[in-house]
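Down below is the structure, laid out as structure tokens.
In the working numbering, the protein residues as written are 1 to 486.
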């Protein structure tokens, strides 16, 4: 066929995965600005619905900033990783039914290269992608975006263009028209630092990089990385789709233009590195038991320190607190030119509440949580997921709740978590509960000895809200997985 191409790689990305899972299993939240994440003073958004993104909210944003942007309609919920993992497993079962090899990138995205699409034209490839999306929706009820292109990079960019809940197919012959006008940072390997270096050469788009002189590319991005990125910009990405080994460690590190010489600078560096590693941890879908800090002095000597928690955690604040306790004081240790934070001992099981307070209170003196001293400019940032031995911020624990639409009538969502927090509440806002008469539900607010529960699951449609005495023996904690209705 004249308009076919030899290779089609597909990238599937579940749309706003954490928030979509919440809207699926708690139907009252559908169409509302949902933010998944921590509610503490330093809580961070781990995921947000497209309704929340319309206000400017995004993942990795401080929760207080997202709440301010979205306003009183914001609905905050704590992450429920067992629910996300269960839905992820079902999504990947669909992938396995459609392609012999699936390269998992994270808990909610993957690459596929279906053999039957070799030599296919754009229309056939689009129909295949649409059928895959329909199969995912039928199996899970969740939306997905699919991109198809002549290689991994182009499929990834296409899936971004397809969002939300769509299909985009970019044939090799259309690279110049579709891809070249896009920002150069759309490419893997071009982060803030590389983007700034390229901008110094007047390079701001993929097309600019594709036309860039090879010597300038090497000068801007290095002799090893530069040519590889430029080759992809020019339309050549022959990296194979293959199954990946499960990551054993996730880490992020930064090299600084000026050495860190004060405890405040180290504290800020630890938080930035921990936040970067934490984002990858959540995407991975597991929890971590071991936290490691790596530091390198200005004389290039380096050390690493690790601590293993009693249980796995997905809490950003726990990871930061442990990392701060491990990081050395530059006054005693010496000036620091590189600092990294890693998490390992990855597991499906976690229980943050057992140890978060201990490390929050026991942080290293001189590295207080309110330290806001500026960091020197970062000249190099690396984030890695590795299989070598060496998982919504505040994301795994803590109370939740922010305002939702006012009102308490049928079909309306009252202010979630609006009641004043009590000292010894039996049920936290957002908790899954069960009642022998009304079935499975979730706590929308509690306090003053009363608890308000919305009874609904993924298969019931929006449910009624009822209020009980907090000590009502008929109301019991429930398995979050029951909200799936499977």
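We put the CB at the ideal spot given by N, CA and C, even for glycine.
This structure is a prediction, so every number in the text was calculated from the model and none was measured.
TODO: Would you kindly work out how many angstroms separate the C-alpha atoms of residue 276 and residue 287, rounded to a whole number?
DONE: 15 Å
Task: C-beta contact flag for residue 487 and residue 294 at 7 Å - done: The chain is shown from 1 up to 486; residue 487 falls before or after that span and cannot be answered.
Task: First and last residue of the uninterrupted alpha helix (DSSP H) at residue 226 - done: 225 to 233
Open item on the list: Measuring alpha carbon to alpha carbon, tell me which residue in 195, 113, 76 is nearest residue 185.
Closed with: 195
TODO: State the Cα-Cα distance for the pair residue 463 and residue 456, rounded to the nearest angstrom.
DONE: 5 Å
- [ ] Express the C-alpha separation of residue 78 and residue 305 in angstroms, rounding to a whole number.
- [x] 30 Å
- [ ] Pull up the distance between the alpha-carbon of residue 223 and that of residue 453, whole angstroms please.
- [x] 60 Å
- [ ] Buried or exposed for residue 300, please, with buried defined as at least 16 other CB atoms from any protein chain shown within 10 angstroms of its CB.
- [x] exposed
Task: Residues bridged to residue 62 [DSSP beta-bridge criterion] - done: 44
Open item on the list: Which of the three DSSP states is assigned to residue 434 in this structure?
Closed with: strand
TODO: Identify the continuous alpha helix (DSSP H) that holds residue 39 and give its terminal residues.
DONE: Careful: residue 39 lies outside any alpha helix (DSSP H) and carries neither H nor E.
Task: C-alpha gap between residue 13 and residue 110, whole angstroms - done: 7 Å
- [ ] Taking 8 Å as the threshold, find out whether the segment 220 to 239 comes into contact with the segment 249 to 261 through three or more Cβ pairs.
- [x] no
Open item on the list: For residue 410 and residue 204, I'd like the C-alpha separation in whole angstroms.
Closed with: Bear in mind that a pLDDT of 34 at residue 410, under 50, signals an unreliable position, so the number given afterwards is only what the model happens to contain. Cα-Cα distance, rounded: 52 Å.
Task: Nonlocal neighbours in the same chain, by C-beta distance under 8 Å from residue 236, ignoring five residues either side - done: 151
Open item on the list: Can you look up residue 264 in the DSSP assignment and give me helix, strand or coil?
Closed with: helix
Task: Beta-carbon separation (whole angstroms), residue 155 vs residue 10, contact threshold 8 Å - done: 6 Å
Task: Span of the beta strand (DSSP E) around residue 78 - done: No beta strand (DSSP E) holds residue 78; DSSP gives it neither H nor E.
Task: Rounded distance between the beta-carbons of residue 86 and residue 48, thought under 8 Å - done: Between residue 86 and residue 48 the Cβ distance is about 21 Å, and since that is not below 8 Å, they are no contact.
- [ ] Under the assumption that residue 107 contacts residue 324 (Cβ atoms under 8 Å), give the Cβ distance between them as a whole number of angstroms.
- [x] Not confirmed; about 27 Å, so no contact.
TODO: With DSSP as the reference, please indicate the residues paired to residue 212 in a beta bridge.
DONE: Note: residue 212 sits in no beta bridge, so no partner.
Task: Cβ contact check for the segment 255 to 262 and the segment 329 to 340: 3 or more pairs under 8 Å - done: yes
- [ ] Quick one: residues in its chain with C-beta nearer than 6 Å to the C-beta of residue 164, no 5 flanking neighbours on either side, listed in chain order?
- [x] 15, 50
TODO: Please list the segments of the alpha helix (DSSP H) lying wholly inside the segment 162 to 209, counting only runs of 4 or more residues, in order along the chain.
DONE: 175 to 178, 192 to 199
Task: Between the CA atoms of residue 345 and residue 470 - distance to the nearest angstrom - done: 38 Å
- [ ] Taking all protein chains shown into account, decide if residue 477 is buried (16 or more other Cβ within 10 angstroms of its Cβ) or exposed.
- [x] exposed
Task: Three CB pairs or more closer than 8 Å across the segment 26 to 44 and the segment 169 to 178 - done: no
TODO: Give the single residue among 446, 438, 190, 8 whose Cα lies nearest to the Cα of residue 430.
DONE: 446
Task: Cβ-Cβ distance between residue 492 and residue 133 below 7 Å - done: What is shown of the chain runs 1 to 486, which leaves residue 492 out entirely.
- [ ] Mind reading off the beta-carbon distance from residue 181 to residue 141? Whole number of angstroms is fine, and I expect it under 8 Å.
- [x] In fact, because the Cβ distance is near 35 Å, the residues do not count as touching under 8 Å.
Open item on the list: Measuring only the C-alpha atoms, how far is residue 291 from residue 437?
Closed with: 45 Å
Open item on the list: Between which two residues does the alpha helix (DSSP H) holding residue 50 run?
Closed with: 50 to 53
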